[in-house]
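Peer 1: Here the sequence shown stands for residues 1 to 262, numbered as in full-length UniProt numbering.
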Amino acid sequence: VVFIHGLQGHPLRTWQYKGTDMTTTGLVYWPLELLPETRDDIRILTYGYDSHVSNWFTGPANKMTIAQHGRSLLNDFAQHRQDSRGRPIIFVAHSLGGLVVKEALIEARKQKYHNHLNEIYSSCEAIIFFGTPHRGSGVAKWAVLLGNIASAAQFDTNTGIARDLNPSGGSDKLEELRRDFNDILDEGKIKIHTFQEGFGIAGLKIASSKIVPDESSSFDSRKFEIIDTINANHMDMCRFGSKDDEGYKKFVGALANILRQV
């Protein structure tokens, strides 16, 4: 089970719950602290990459595009799996991380002459998406907003990713991704579980109250996708403080359903 963070994310902080109520105090990194106790039959990995729209403390931001991040994920993961090729893979992706996973699988599917890369695709059983934008919609405006904030503060921006997410910037990357990944979905091999955000984030001036609107975060097909809602905003929807968290229960249920079919 491989966790991939999203835009402005981090392999630890994206999934880390910060105690804000009387029942949970401190920090809870649930992929490490909760999930192994719930499922002792899986190996848990996290993957990190520089997805910051602005690199606030170390200068210029990473200019890699979504496609380049996808290829890096594919190559890095294949290298990591040298001794466990053929083991079933389940990706868990938040926000932009879902696009990176899709790019990696699209590329892996093409690698007919490189078995160590192609097996990433053939071994992938499922993807659990948390608020991944599959169409531009309000997400593009969010990316532009973050880029504008960074620019106003005189920091460089990740123009490659911002361009991919902003159709008005001359890129139709999301539509290309959607079309190419639909070819994969049509094969019926990969199971999809989509979690949508239940709340918006207060204070952001965007057309939709949600960072990723429902029409953008689903494939809208009952044939290969299960859709559910987590009652949290885009940033908190993948942060769980305890095994009693309703969002955690939904995730564990989705994972169990997938594992029964592997």
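Each residue gets a CB set at the ideal place from its N, CA and C atoms; glycine is no exception.
Apply the 10 Å Cβ neighbour rule to residue 260 and answer buried if 16 or more other Cβ atoms are within range, or exposed otherwise.
Peer 2: exposed
Peer 1: When burial is assigned at 16 or more other CB atoms within 10 Å of the CB, is residue 133 buried or exposed?
Peer 2: Residue 133 should be labelled buried.
Peer 1: Looking at residue 201 and residue 234, is the spacing between their C-beta atoms short of 8 angstroms?
Peer 2: Yes, the Cβ-Cβ distance between residue 234 and residue 201 is below 8 angstroms.
Peer 1: Suppose the cutoff is 6 angstroms on Cβ atoms and the five residues either side in sequence are ignored; what does the same chain contact list for residue 48 look like?
Peer 2: 11
Peer 1: Does residue 82 pass the burial test, meaning 16 or more other C-beta atoms within 10 Å, or should it be called exposed?
Peer 2: So residue 82 ends up on the exposed side.
Peer 1: Quick check: the Cα distance between residue 2 and residue 38, rounded to an integer number of angstroms?
Peer 2: 16 angstroms
Peer 1: CA-CA distance, residue 231 and residue 197?
Peer 2: Rounded to whole angstroms, residue 231 to residue 197 spans 6 angstroms at the Cα level.
Peer 1: Residues in its own chain within less than 8 angstroms of residue 57 by CB, not counting five upstream and five downstream?
Peer 2: Unreliable placement is indicated for residue 57, whose pLDDT of 35 sits below 50; the coordinate value is still reported in the next sentence. Answer for residue 57: no residue qualifies.
Peer 1: On the three-state DSSP scale, how would you describe residue 129?
Peer 2: Assignment of residue 129 by DSSP, reduced to helix, strand and coil, places it in the strand class.
Peer 1: Output the boundary residues of the beta strand (DSSP E) element that contains residue 3.
Peer 2: 2-4
Peer 1: Have a look at the DSSP bridge pairing and note the partners of residue 93.
Peer 2: For residue 93, which the question treats as bridged, DSSP gives the partners 4 and 129.
Peer 1: Rounded to whole angstroms, what's the CA-CA distance from residue 188 to residue 90? Just pull it up for me.
Peer 2: 15 angstroms
Peer 1: Take residue 130 and list the residues in its own chain whose beta-carbon comes closer than 6 angstroms to its own, dropping the five residues that flank it on each side.
Peer 2: 94, 195, 237 and 238
Peer 1: Would you kindly report the start and end of the unbroken beta strand (DSSP E) that includes residue 228?
Peer 2: 225-230
Peer 1: So, with DSSP's three-state summary, where would you put residue 211?
Peer 2: coil
Peer 1: Would you give the residue range spanned by the alpha helix (DSSP H) that residue 248 belongs to?
Peer 2: 246-261
Peer 1: Buried or exposed: where does residue 176 fall if 16 or more other Cβ atoms within 10 Å of its Cβ makes it buried?
Peer 2: exposed
Peer 1: Give me the Cα-Cα distance between residue 108 and residue 128, rounded to the nearest whole angstrom.
Peer 2: Rounded to the nearest angstrom, the two C-alpha atoms are 18 angstroms apart.
Peer 1: With a CB to CB cut of under 8 angstroms and the five nearest residues on each side skipped, what residues in its chain are close to residue 229?
Peer 2: Once the five neighbours on either side are set aside, the close Cβ partners of residue 229 are 195, 196, 197 and 198.
Peer 1: Using a Cβ-Cβ cutoff of less than 6 angstroms, which residues in the same chain neighbour residue 41 once the five nearest sequence positions on both sides are dropped?
Peer 2: none
Peer 1: Which one or two residues does DSSP pair with residue 243 in a beta bridge?
Peer 2: Per DSSP, none; premise fails for residue 243.
Peer 1: Quick check: what's the CA-CA separation for residue 13 versus residue 192?
Peer 2: Residue 13 and residue 192 have their alpha carbons spaced roughly 24 angstroms apart.
Peer 1: Going by DSSP in three states, residue 80 sits in which element: helix, strand or coil?
Peer 2: Residue state for residue 80 is assigned as helix, using DSSP reduced to three classes.
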